[in-house]
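Visitor: Note that the protein sequences, when read in sequence, are chains A and B. Quick note on UniProt numbering: the first sequence kicks off at 1 and runs consecutively. Quick note on UniProt numbering: the second sequence kicks off at 1 and runs consecutively. Glycine included, each C-beta is placed from N, C-alpha and C at the ideal position.
Number of protein chains: 2
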Amino acid sequence: MADLVYHRLLTTLKKNIMAGEYPSLKLPDERSLSEQYEISRSSVKRALNILADQGVVFKKRGSGTFINPLYLKNRSVFHYNNGSNLGVTDSFQMNGRKPGIKLLDFQVIKPDKELRRDLFLNHDDFVYEIKRLRLFDDQPFMIETGYIPIKIMPELTREIVSGSIFNYLQAEKNQSVTKSYLTISAEPSTEEDQQELQLKPVEPVGVMAGIFFLDDGTPFEYSRMRLHYQYMKYNTFVTLGED
Amino acid sequence: MADLVYHRLLTTLKKNIMAGEYPSLKLPDERSLSEQYEISRSSVKRALNILADQGVVFKKRGSGTFINPLYLKNRSVFHYNNGSNLGVTDSFQMNGRKPGIKLLDFQVIKPDKELRRDLFLNHDDFVYEIKRLRLFDDQPFMIETGYIPIKIMPELTREIVSGSIFNYLQAEKNQSVTKSYLTISAEPSTEEDQQELQLKPVEPVGVMAGIFFLDDGTPFEYSRMRLHYQYMKYNTFVTLGED
DNA sequence: AAGTGGTCTAGACCACCGC
DNA sequence: CGGTGGTCTAGACCACTTG
């Protein structure tokens, strides 16, 4: 996006990695990169640290920086990546497939106690219930049920929720969703799952459920997603942090 | 752990925040902190950035750094369960249930090309194949197949792999596993799954597969875990990074 | 205009790895 | 030992927010 020094290096390196320019899986050392691109070593480190946080590379003090082979492998698959975009539409957009949305249900309801707690709502707050079928090239892959407080988006319409709500937020209100707290699990498919997602009875769904937050920490949406099992590939890179 | 400059500030700030020392929810500005603690502004930024990544504070350019009110209000929402998959024995131990391990298979094999790449092995390297059934209070919940290079742990025995390998690593070699790159998905259960995990044919398994790394970045193990679907609950707190 | 966080640089010194 | 990543500093300049 922006034209920052470390960001330029970041995208360049990522491109190179994807293009297989480092067959040994070892990147040039930091001082060389600094020279080659005529930027400070600090900026190089910044770019490399981001790549390391994303699980693209890992660094070994004293020996060098290496590409994570699993990262290369998974790029060719359909996936929901921890380090990428949060909006589901956005996350799956790659691979040149066209995302679609079919609105199944849209109404205003009174949230139960649990939902009120998850979204930090008061007793008199109401929420939208938005149930949508997500597709790729007309192939359904996910049933998504979202709950959004009315007071956050009083202007929601069937029109809007038939597209990407996150995109709408970004474009119309200049707000974006940058944090989420999700629980990932698996379940046998229900009859509805089988019907909508074209599953056989023995085929399961992946379930991703949780809260999406706005930049300022406001809980924006509780969402429950039931995915065709072949389309749920959640990649996650975990570093046990100090504290 | 270490006695680093930014780390000292990090823990100090966290303690102060918990103690309610900033009732306005606004932290001192970076330059003041730099002066007060007699450290560089870069180190201050480093500490603050970590806090922001953890969801403890959020920063507003031009106005200041603020404590996330949700973090104080309901800390349970911000479980850093993100790391709970590291060391499966450890992660599930909490519930007061006794973990058990039944060794299903233990042998030395020649890794195929893919596995060699994932673990950064040469053509003449061999690996252990360790297949184990994990239990809780005698209830089986996971079939785990792990691959560990012989050269990393030449002394492995049936004895050792019948317990927690991560614990052994920690106790005997003072090394620990702090990073992992995993892909989480779901699949219909196979006959073996159904038998070992006591599943009905329509009941699925959750699959977690990927690489565990040692502190120094060495790929330590490739592991493939098939979990009874009711036991796979992966919690993750995601903050959108760069890209 | 003043205050505050963001980016970037140049360079010093340390810690670890492998030959 | 040389090569490599890690930490830290001091300071310059930019971008945004607020009064």
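Identify whether residue 123 of chain A lies in helix, strand or coil by the three-state DSSP scheme.
Guide: Residue 123 of chain A falls in the coil class under three-state DSSP.
Visitor: Between the Cα of residue 211 of chain B and those of B/27, B/180, B/200, B/58, spot the shortest distance and give me the residue it belongs to.
Guide: B/180
Visitor: Which residues mark the beginning and the end of the beta strand (DSSP E) in which residue 225 of chain A is found?
Guide: 219 to 228
Visitor: So residue 229 of chain A and residue 187 of chain B are supposed to be a Cβ contact under 8 Å. How far apart are they, rounded?
Guide: 6 Å
Visitor: Kindly indicate which residue of A/182, A/57, A/219, A/205 has the alpha-carbon position closest to the one of residue 148 of chain A.
Guide: A/219
Visitor: State yes or no: is the beta carbon of residue 25 of chain A nearer than 9 Å to at least one beta carbon in chain B?
Guide: yes
Visitor: Scan the stretch 166 to 193 of chain A for residues whose Cβ lies nearer than 9 Å to a Cβ of chain B and list them as they occur along the chain.
Guide: 176, 177, 178, 179, 180, 181, 182, 183, 184, 185, 186, 187, 188, 189
Visitor: What first and last residue would you give for the alpha helix (DSSP H) that runs through residue 43 of chain A?
Guide: 41 to 53
Visitor: Could you check if residue 235 of chain A is buried or exposed, using at least 16 other CB atoms within 10 Å of its CB as the buried criterion?
Guide: buried
Visitor: What's the call for residue 225 of chain A, buried or exposed, on a 16-neighbour Cβ count within 10 Å?
Guide: buried
Visitor: State yes or no: is the beta carbon of residue 113 of chain A nearer than 9 Å to at least one beta carbon in chain B?
Guide: no
Visitor: Would you call residue 126 of chain A buried or exposed, if buried means 16 or more other Cβ atoms sit within 10 Å of its Cβ?
Guide: exposed
Visitor: Give me the Cα-Cα distance between residue 18 of chain A and residue 182 of chain B, rounded to the nearest whole angstrom.
Guide: 19 Å
Visitor: Between residue 41 of chain A and the rest of its own chain, which residues show a CB-CB distance below 7 Å, the 5 nearest in sequence each way excluded?
Guide: 30, 31, 34
Visitor: Please classify residue 65 of chain B: is it buried, with 16 or more other beta-carbons within 10 angstroms of its beta-carbon, or exposed?
Guide: With 16 or more other Cβ atoms within 10 Å, it is buried.
Visitor: Specify the secondary structure class of residue 165 of chain B as computed by DSSP and reduced to three states.
Guide: helix
Visitor: If you compare alpha carbons, which of B/104, B/214, B/238 is closest to residue 215 of chain A?
Guide: B/238
Visitor: Return helix, strand or coil for residue 5 of chain B, following the three-state DSSP convention.
Guide: helix
Visitor: Beta-carbon separation of residue 59 of chain A and residue 103 of chain A under 9 Å?
Guide: no
Visitor: Quick one: complete beta strand (DSSP E) runs, 3+ long, within the stretch 103 to 157 of chain A?
Guide: 127 to 136, 139 to 149
Visitor: Kindly indicate which three-state DSSP category residue 37 of chain B falls into: helix, strand or coil?
Guide: In the structure shown, residue 37 of chain B sits in coil (DSSP, three-state: anything other than H, G, I, E or B).
Visitor: Give me the Cα-Cα distance between residue 69 of chain B and residue 162 of chain A, rounded to the nearest whole angstrom.
Guide: 33 Å
Visitor: For residue 231 of chain B, which of helix, strand or coil comes out of DSSP?
Guide: helix
Visitor: Between which two residues does the alpha helix (DSSP H) harbouring residue 197 of chain B extend?
Guide: 191 to 197
Visitor: Could you work out which residue in B/9, B/170, B/206 is closest to residue 184 of chain A when comparing CA atoms only?
Guide: B/206
Visitor: Please compile the residues from chain B whose C-beta is within a distance smaller than 9 Å of the C-beta of residue 12 of chain A.
Guide: Within 9 Å Cβ-Cβ: nothing; residue 12 of chain A doesn't reach chain B, min ~13 Å.
Visitor: Give the interface partners of residue 118 of chain B over in chain A, defined as CB-CB distance under 7 Å, in chain order.
Guide: 69, 70
Visitor: Which residues does DSSP pair with residue 210 of chain A in a beta bridge?
Guide: A/182, A/223
Visitor: Residue 128 of chain B: which of B/176, B/222, B/134 sits nearest, CA to CA?
Guide: B/222
Visitor: If the cut-off is 8 Å on Cβ atoms, which residues from the stretch 54 to 69 of chain A count as contacting chain B, listed in chain order?
Guide: So the list reads 54, 55, 58, 59, 60, 61, 66, 68, 69, given in the order they occur along the chain.
Visitor: Report yes or no: is there a C-beta of chain B within less than 9 Å of the C-beta of residue 232 of chain A?
Guide: yes
Visitor: Go ahead and pull the three-state DSSP assignment for residue 30 of chain B.
Guide: helix
Visitor: Using only CA atoms, which one of A/45, A/61, A/5, A/72 lies nearest to residue 23 of chain A?
Guide: Measuring from the Cα of residue 23 of chain A, the nearest candidate turns out to be A/72.
Visitor: Quick one: grab the DSSP three-state call for residue 59 of chain A.
Guide: In the structure shown, residue 59 of chain A sits in a strand (DSSP, three-state: E or B).
Visitor: Can you tell me which of the three DSSP states residue 20 of chain B falls into?
Guide: coil
Visitor: On the three-state DSSP scale, how would you describe residue 188 of chain B?
Guide: strand
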